[in-house]
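Q: Got a structure here, written out as structure tokens. Questions coming.
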Amino acid sequence: MAVETPTKPTIADKIYDKMFHNYVWKSIFRTGYPNTPRNQMLVVATNVFLHLHPTRIHRTHVKITHTYCLGGLTFFMFLGLTVTGILLMFYYVPSVERAYLDIQNIETTVQFGQLMRNMHRWMAHAMVILVFLHMMRVFYTGAYKPPREFNWVVGVILLVLTFLLSFTGYLLPWDQLAFWAITVGTNIAGAAPVLGPKTKFWLLGGFEVGPDALIRFYTLHVIGLPLLAAIFMAVHFWRIRRDGGLARPL
Amino acid sequence: MAVEQRANPRPAAPVEVARQAEARKIARRSFLRVSVFAGLSLGLLSMAAGFLAFFNLRKPQGFGGTVNVVKARIPKAGSDPARISEGKFWLSNLQGAQGDIFGVGGTGGLLALYWKCPHLGCTVPWNASYNGAQVAFPGIIGWFKCPCHGSTYSHAGVRVFGPAPRSMDTMAVTVNSDASITVDTGKITLGGIDNPLREVTYSG
Amino acid sequence: MATAVVARPVARPQERARDEEVLVWPDLVFVEFISAMVFTLTIFLLSAIINAPLLDEANADVTPNPSKAPWYFLNLQELLLHMDKGLAGVIVPAVWLGLMAIFPYFDTDNEGQGVWFGTENAVKITVVSGIISFVGTWLLILWDNGNIAQYLNGWFGLSGGDSLRFLENARAFQSQLPWPEWSTHIPYLWFDLTLLDQPFHHLNFPAWLVEQAIPVAFMVGLPTIMVYVLWRVGWVRTRRDALLSIFTGFVVTMGVLTIVGTAFRSESEELVWPWQLKLSEGIPGQE
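What follows is the structure, given as structure tokens:
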């Protein structure tokens, strides 16, 4: 009776084995390559980043026309803004004397500086648009309905935080566009009845846009608001999982 | 799908091994997967290179980079050298064969002398009143005189006395159109008695 | 008798339908990966082509004309032209955000979730509300800018004469009607109240009418009428339908206001066509 003998391993087999079946690799990635259903579920369940997702998901939710990935893309923009923003921080000093010169320096002498600044700005615009579109998607698909009431509220807070993040970043180049946009913007806030002037004074650290406003906006922009947004995002994502993923018809 | 249906909850070991071997073969041949991961790695690599470039200063300032010296700071021909601290050098403006102690043929001009003593690295000061008679060059007043071990150099940085192994090192000088000069402090040439030949003609 | 705390059924997540599920890897992860790549490339290309604007250094002594807020606040800046600035800039957005946050506590019915336009008339309501808001917002802006009166006069030769001039725009109610002297300072408190340096004692009735009462009446009244009419027509049947109408109206109105504020407002906030727009890219006179 003929017994099927396994084929002899080729060089490529041996290289593959050496690379991916060694002790170190296995200690990092505990599952094999996700090309079997078992490994595909394990990779999602054991990877901290993928663990944001369940291992299995309802068929209708992966249809691109259901969500257009808007929420995920908003988060992706946030990550991209964090990366480009941190890079820009290396060359930017938030002082009235230096801010404008630093931006010019970033644009002219820093390698890829102009590209980083452009990306930061366009991603910021994209994030504002995406977060608004995401809200429209959630509304028109009725996804705020029970049991997701509170997550909608968290979403509204995140919308406001996105506006504030973008607004505080607007002042930092310290050019005419920034200066007057923030002057107009804070004047709008200052027009609130009773509390308005005090709010504006508190926000700007003075009666008009100046050095104190710059450092306040900078601190809020690079650490205060991003931290707050990250906390609310964590709640937002956690609640999506807790409430059984995306909304679907009863 | 077929694989999924065949797989038992607890597959027998040989079956599992064979199945994995099969899956590995398929994976190895998967051109698409290889290209995706190759593309991703390339993208990440180029991004890493971009990050490195981002942190690489294009126009470094201060010592090690180029230092600009405006016209007002450049000494008159024949007068005492000027101390340019941000570039760590003395700027000598020599008149004719001034400082050319051994007569190698200096014709005068600007010389940027790295102020670090070639002996043990002390900062060499300019001693404007030091008389050359003490080092066998009578009549010449004004020498670079190292305070550590007494190495003595002429106005052009040429060593005449002391334990230093050579003359003071020089830096590359370029004269700009607006009569200022640019000194490349990263480009240091070891000193020698031919220091006067490195003088750069200047008529500011 | 034991007091059993009965959980509301709505508070529980839905049952999983396991036979309807697919694997996250590859079905979802790949979609996310591709969309992230598409966005990365788009942003990259955009950044390579278009540079972020950088004007002259900030100068508190030179005000560019027009001075505009960031584009996403231009809807509020446009509202500012038509009503009291505190109302337009703070109260309207704050009230709206508050209202929006309590949407799910107003519409607690969990029917119709998870699909686009979940109710029977949803698409009709959305489209009609959108059109009404689009046209209505434009009409209101043109009216308050005095353009409607101009068109009536210029195209049809209609003129109301001086007796109807107060209808020209909202501000004309204050300036063109013969308000008696006492109406500009009606005391509403019998003592002098000062809150944070701001006096509260008298009411300037014509100004109050123009800057607050008329705008609020429009902003509350028109959506109410819209929802009421859609209800009488039989399209709006549930709270969800009403919200659909109001939300669509808001989004479209804000969109129109943003576009007008961005592309139709030139020097001194004058209403012009986009191709006549003057952008203050530099400091006037120093370009």
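Chains as they are written, first to last, in our numbering: chain A, 1 to 250; chain B, 251 to 454; chain C, 455 to 741. Positions of the beta carbon are idealized from the N, C-alpha and C atoms, including for glycine.
#1: For C/I497, decide whether its Cβ has a neighbour in chain A, counting only Cβ atoms nearer than 7 Å.
#2: Rounded to a whole number of angstroms, what is the C-alpha to C-alpha distance between A/G224 and B/M297?
#3: Shortest alpha-carbon distance to C/F672 belongs to which of C/R694, C/L612, C/I595, C/P634?
#4: Can you give me the Cβ contacts of B/P325 inside the same chain, cut-off strictly under 8 Å, excluding the 5 residues immediately before and after it?
#5: Rounded to whole angstroms, what's the CA-CA distance from A/R98 to A/Y92? Just pull it up for me.
#6: So the candidates are C/E721, C/A626, C/T580, C/V589; which of them puts its Cα closest to the Cα of C/S699?
#7: For the alpha helix (DSSP H) holding A/N39, just list the boundary residues, first then last.
#8: Strictly by DSSP, which residues pair up with B/S342?
#9: Measure the beta-carbon distance from A/A189 to A/T199 and round it to whole angstroms, keeping in mind my assumption that it falls under 8 Å.
#10: Is DSSP giving B/A429 helix, strand or coil here?
#11: Under 7 Å Cβ-Cβ, which residues of chain B neighbour A/Q111?
#12: Can you tell me the Cβ-Cβ gap for A/T168 and A/F90, rounded? I've got them flagged as a contact below 8 Å.
#13: So within the segment 662-740 of chain C, which uninterrupted alpha helix (DSSP H) runs reach at least 4 residues, ignoring any that extend past its ends?
#14: Taking the continuous beta strand (DSSP E) assigned at B/F411, which residues delimit it?
#15: Which residues does DSSP pair with B/F394 in a beta bridge?
#16: I'd like the span of the beta strand (DSSP E) that includes B/V317, first residue to last.
#17: Kindly list the residues whose CB is nearer than 8 Å to the CB of A/A45, restricted to its own chain and excluding five residues on each side of it in sequence; keep chain order.
#18: Taking B/A271 as the query, report the chain A residues whose CB atoms sit under 8 Å from its CB, ordered along the chain.
#19: Can you check DSSP and say which residues form a bridge with B/I334?
#20: Indicate the three-state DSSP secondary structure (helix, strand or coil) for C/E475 in the structure shown.
#21: With DSSP as the reference, identify every bridge partner of A/R56, one or two as the case may be.
#22: So, is the C-beta of A/N35 closer than 7 Å to a C-beta in chain B?
#23: Here's a check: name, in chain order, each residue in its chain whose Cβ is nearer than 6 Å to the Cβ of B/T402, leaving out the five neighbours to either side.
#24: For chain B, is any of its Cβ atoms less than 7 Å away from the one on A/I15?
#25: So for C/I640, helix, strand or coil by DSSP?
#26: Would you mind reading off the limits of the beta strand (DSSP E) that contains C/L647?
#27: Output yes if chain C places a C-beta closer than 7 Å to the C-beta of A/A143; else output no.
#28: Report the residues of the segment 81-93 of chain A with a CB closer than 9 Å to any CB of chain C, ordered along the chain.
#29: Is there a Cβ of chain C sitting closer than 7 Å to that of A/V194, yes or no?
#30: So, with DSSP's three-state summary, where would you put A/V194?
#31: Measure the C-alpha to C-alpha separation of A/W202 and C/N575 and round it to an integer number of angstroms.
#32: For C/D538, name the three-state secondary structure that DSSP assigns.
#33: State buried or exposed for C/Y682, treating a residue as buried only when at least 16 other CB atoms are found within 10 Å of its CB.
#34: Looking at the strands, I want to know which residues DSSP matches up with C/E511.
#35: Could you give the C-beta distance for B/M421 and B/I443, rounded to a whole number, given that I count them as a contact under 8 Å?
#36: Please report how far the alpha carbon of B/A288 lies from the alpha carbon of A/L42, in whole angstroms.
A: On the basis of the data shown:
#1: yes
#2: 28 Å
#3: C/I595
#4: P331, A332, L341, S342, N343
#5: 8 Å
#6: C/T580
#7: 37-46
#8: B/L361
#9: 6 Å
#10: coil
#11: A303, F304, N306, R308
#12: Not confirmed; about 19 Å, so no contact.
#13: 668-687, 693-717
#14: 409-411
#15: B/W376, B/Y403
#16: 316-319
#17: H51, T55
#18: P6
#19: B/F339
#20: strand
#21: C/L477
#22: yes
#23: V385, W393, K395, V410, F411, G412
#24: no
#25: strand
#26: 647-649
#27: yes
#28: none
#29: yes
#30: coil
#31: 48 Å
#32: coil
#33: exposed
#34: A/D175
#35: Not a contact, Cβ separation roughly 18 Å.
#36: 24 Å
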